[in-house]
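The sequence shown lines up with residues 3 to 451 when you count with the working numbering. Using N, Cα and C, we set each Cβ at its ideal position, and we do this for glycine too. Just so it is clear, the structure is predicted and the values come from calculations on it, not from any experiment. Here's the structure, in structure tokens; my notes come after.
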Amino acid sequence: MASKIKTTISLIIAVILLLLISTLLFSLYTVDKIKSNLKIQVHTRTVIINLKDNLAFMLDAETGERGFINTSDSNYLQPYRISLQNISSNITQLRSLTQDNPIQQGNLDTLEKYINLKLLYTENLITLKKQGDEKKIKEIMISNKGKYFMDQVRSVNNSMQMLEETLFENRKANTNKSIANGQVIFILEGSFALLITLFLATVILNELNRRTKTEKKLKDYNFELERKNREIEQFAYIASHDLQEPLRSISNFSKLLSGKLADHPDKKIRDYTTLVTGGATRMSNLIFDLLEYSRIGKDVSKSVIDCNKIVHEIFTDMIAVIKENNAEIHVSKLPLVNGYPYLKSLFQNLLSNAIKFHKAETHPVVQISAIDKKSEFQFIIKDNGIGIEKIYHERIFIIFQRLHSRAEYEGTGIGLSQCKKIVELHGGEIWVESEPGKGATFIFTIPKN
Numbered sequence: 003m004a005s006k007i008k009t010t011i012s013l014i015i016a017v018i019l020l021l022l023i024s025t026l027l028f029s030l031y032t033v034d035k036i037k038s039n040l041k042i043q044v045h046t047r048t049v050i051i052n053l054k055d056n057l058a059f060m061l062d063a064e065t066g067e068r069g070f071i072n073t074s075d076s077n078y079l080q081p082y083r084i085s086l087q088n089i090s091s092n093i094t095q096l097r098s099l100t101q102d103n104p105i106q107q108g109n110l111d112t113l114e115k116y117i118n119l120k121l122l123y124t125e126n127l128i129t130l131k132k133q134g135d136e137k138k139i140k141e142i143m144i145s146n147k148g149k150y151f152m153d154q155v156r157s158v159n160n161s162m163q164m165l166e167e168t169l170f171e172n173r174k175a176n177t178n179k180s181i182a183n184g185q186v187i188f189i190l191e192g193s194f195a196l197l198i199t200l201f202l203a204t205v206i207l208n209e210l211n212r213r214t215k216t217e218k219k220l221k222d223y224n225f226e227l228e229r230k231n232r233e234i235e236q237f238a239y240i241a242s243h244d245l246q247e248p249l250r251s252i253s254n255f256s257k258l259l260s261g262k263l264a265d266h267p268d269k270k271i272r273d274y275t276t277l278v279t280g281g282a283t284r285m286s287n288l289i290f291d292l293l294e295y296s297r298i299g300k301d302v303s304k305s306v307i308d309c310n311k312i313v314h315e316i317f318t319d320m321i322a323v324i325k326e327n328n329a330e331i332h333v334s335k336l337p338l339v340n341g342y343p344y345l346k347s348l349f350q351n352l353l354s355n356a357i358k359f360h361k362a363e364t365h366p367v368v369q370i371s372a373i374d375k376k377s378e379f380q381f382i383i384k385d386n387g388i389g390i391e392k393i394y395h396e397r398i399f400i401i402f403q404r405l406h407s408r409a410e411y412e413g414t415g416i417g418l419s420q421c422k423k424i425v426e427l428h429g430g431e432i433w434v435e436s437e438p439g440k441g442a443t444f445i446f447t448i449p450k451n
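Here is the structure:
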């Protein structure tokens, strides 16, 4: 029954979605068509306005020319010169606006021809007036060429304007038709939307009821999970302490035994006691490191930490190791960060590794620095050690992953995984850049926020 209802609802939703999509697509098509028609209308209206302006500029030029001829006042030439510039600019705009219309381009060629003839005629009169040749001016004006040229300009200009008006009306009719079609679609879409809303309201109410029940279950599960986690943490803590006690006993006993058997003639027996002692120590260190790893992020809050101070504290803690390896450490000024107390473990692990993995017969040289990026601090710990092959650049951050045997280098294989966990707790990243024999550069970021 439940399956049948689910199938029915799925089919209904599918049909509704198809209707919605088809309606939406048609609406988008209609809107796009209306926008296109309106754009064409605006374009046509712009051509009409330019044609009207063109005639106005010609009349302004003619008025300026007549004023100068009649009065010899050069002030009349100022609007004349301005009109010449406007006419030239206007013709260029018309040429661009009508480039998709061959008929209007032909008309514009004719218009421009008569405009040039009229302006040449006018310029000739102005030149003659400046020369004071009134007789020649009178002869030219009696010929009525200026009137003829202007009548031709007006006639061609009006013909072009009438053609654009016709185009405008046709395009306006197309726009109104698209709007009317769009209104019908929107009404249908509104009706469908109402039905869909009612249907979805029912579905949503049912879903809300289901989710409320599910959230209550999740809340109960989370509470139970938290309780289990607390139990596991408590168990781990107790188990580690319970394990540490017998390990200490084994270690102490094996040390006593080693002392007793120090002069034993059988070397194997002496080696066995050494192996037992070493194994107990390694197991104790491993348990300690695992506890530290599991505690990262538990019940701590951020505070402002002076990285210079914690690095100085690490130097104090590691002074014996530093002297033993004759390590040379250079520290640039480090920033204050908003972080967790685990940053000390992060620096200590990376510095310890930089000293530990040095080349034979070469004293370690370590450089610690930081770069202030836009939204984060980038810390760099660079050494001159044995380096790391590229294929291991990611593997070394996985817990218990070791690249060397314990006989070569001591360790539990947890240090770098602790570093990664601490950096990720801060919301940063950590990576290594290295080549075998060329040292290693560990880089990690701590966001400013």
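Buried or exposed: where does residue i fall if 16 or more other Cβ atoms within 10 Å of its Cβ makes it buried?
{"i": "residue 441", "result": "buried"}
{"i": "residue 164", "result": "exposed"}
{"i": "residue 168", "result": "exposed"}
{"i": "residue 227", "result": "exposed"}
{"i": "residue 368", "result": "buried"}
{"i": "residue 32", "result": "buried"}
{"i": "residue 63", "result": "buried"}
{"i": "residue 319", "result": "exposed"}
{"i": "residue 456", "result": "Any question about residue 456 goes unanswered here, given that the chain covers just 3 to 451."}
{"i": "residue 204", "result": "exposed"}
{"i": "residue 4", "result": "Caution applies to residue 4, whose pLDDT of 48 falls short of 50 and renders its modelled position unreliable; the value that the coordinates give is listed next. With fewer than 16 Cβ atoms within 10 Å of its Cβ, residue 4 is classed as exposed."}
{"i": "residue 314", "result": "exposed"}
{"i": "residue 180", "result": "buried"}
{"i": "residue 83", "result": "exposed"}
{"i": "residue 56", "result": "buried"}
{"i": "residue 450", "result": "exposed"}
{"i": "residue 343", "result": "exposed"}
{"i": "residue 385", "result": "buried"}
{"i": "residue 341", "result": "buried"}
{"i": "residue 330", "result": "exposed"}
Among the options, which has the Cα closest to the Cα of residue i?
{"i": "residue 124", "options": "110, 86 and 311", "result": "86"}
{"i": "residue 98", "options": "46, 32 and 333", "result": "46"}
{"i": "residue 110", "options": "53, 365 and 65", "result": "53"}
{"i": "residue 107", "options": "158, 121, 131 and 141", "result": "158"}
{"i": "residue 383", "options": "201, 137, 391 and 348", "result": "348"}
{"i": "residue 162", "options": "204, 103 and 395", "result": "103"}
{"i": "residue 114", "options": "134, 91 and 132", "result": "91"}
{"i": "residue 41", "options": "438, 447, 377 and 170", "result": "170"}
{"i": "residue 93", "options": "77, 126 and 50", "result": "50"}
{"i": "residue 121", "options": "309, 155 and 311", "result": "155"}
{"i": "residue 429", "options": "417, 446 and 437", "result": "446"}
{"i": "residue 153", "options": "193, 183 and 112", "result": "112"}
{"i": "residue 175", "options": "36, 149, 303 and 89", "result": "36"}
{"i": "residue 387", "options": "370, 359 and 28", "result": "359"}
{"i": "residue 337", "options": "140, 380 and 325", "result": "380"}
{"i": "residue 377", "options": "448, 436 and 398", "result": "448"}
{"i": "residue 65", "options": "354, 149 and 371", "result": "149"}
{"i": "residue 389", "options": "436, 130 and 374", "result": "436"}
{"i": "residue 177", "options": "34, 307 and 143", "result": "34"}
{"i": "residue 334", "options": "306, 310 and 182", "result": "310"}
{"i": "residue 183", "options": "401, 29 and 19", "result": "29"}
{"i": "residue 325", "options": "345, 339, 307 and 357", "result": "357"}
So, helix, strand or coil for residue i, using DSSP?
{"i": "residue 450", "result": "coil"}
{"i": "residue 306", "result": "strand"}
{"i": "residue 29", "result": "helix"}
{"i": "residue 145", "result": "coil"}
{"i": "residue 444", "result": "strand"}
{"i": "residue 385", "result": "strand"}
{"i": "residue 400", "result": "coil"}
{"i": "residue 139", "result": "helix"}
{"i": "residue 390", "result": "coil"}
{"i": "residue 464", "result": "Residue 464 cannot be examined here, being either before or after the span of the chain that is shown, 3 to 451."}
{"i": "residue 3", "result": "With a pLDDT of only 46 at residue 3, under the threshold of 50, the placement of this residue in the model should not be trusted, and no figure is reported."}
Would you please verify whether the beta carbon of residue i is less than 8 Å from any beta carbon of chain C?
{"i": "residue 357", "result": "As a matter of chain content, chain C is missing from the structure shown, which is built from one protein chain."}
Compute every distance between the C-beta of residue i and the non-hydrogen atoms of the ligand ADP, then say whether any falls below 7 Å.
{"i": "residue 65", "result": "Among the ligands in the structure shown, none appear at all, so the ligand ADP cannot be discussed."}
Entirely within the stretch 318-377 and at least 4 residues each: give me those alpha helix (DSSP H) ranges in chain order.
Qualifying alpha helix (DSSP H) stretches, in chain order: 321-326 and 345-358.
Alpha helix (DSSP H) segments (min. 4 residues) lying fully within the stretch 158-195
List check, alpha helix (DSSP H) in window: nothing returned.
Taking contact to mean 3 or more Cβ pairs, one atom from each stretch, closer than 8 Å, check whether the stretch 216-224 and the stretch 60-76 are in contact.
Touching, no, given that fewer than three Cβ pairs across the two stretches are closer than 8 Å.
To test your reading of the DSSP string, which unbroken alpha helix (DSSP H) runs of 4 or more residues are found completely within the stretch 69-104?
The stretch 69-104 contains, as complete alpha helix (DSSP H) runs of 4+ residues, the segments 79-99 (chain order).
Please give the ranges of any alpha helix (DSSP H) in the stretch 31-58, keeping only runs that are unbroken, at least 4 residues long and fully inside the region.
Segments of the alpha helix (DSSP H) lying fully in the stretch 31-58: there are none.
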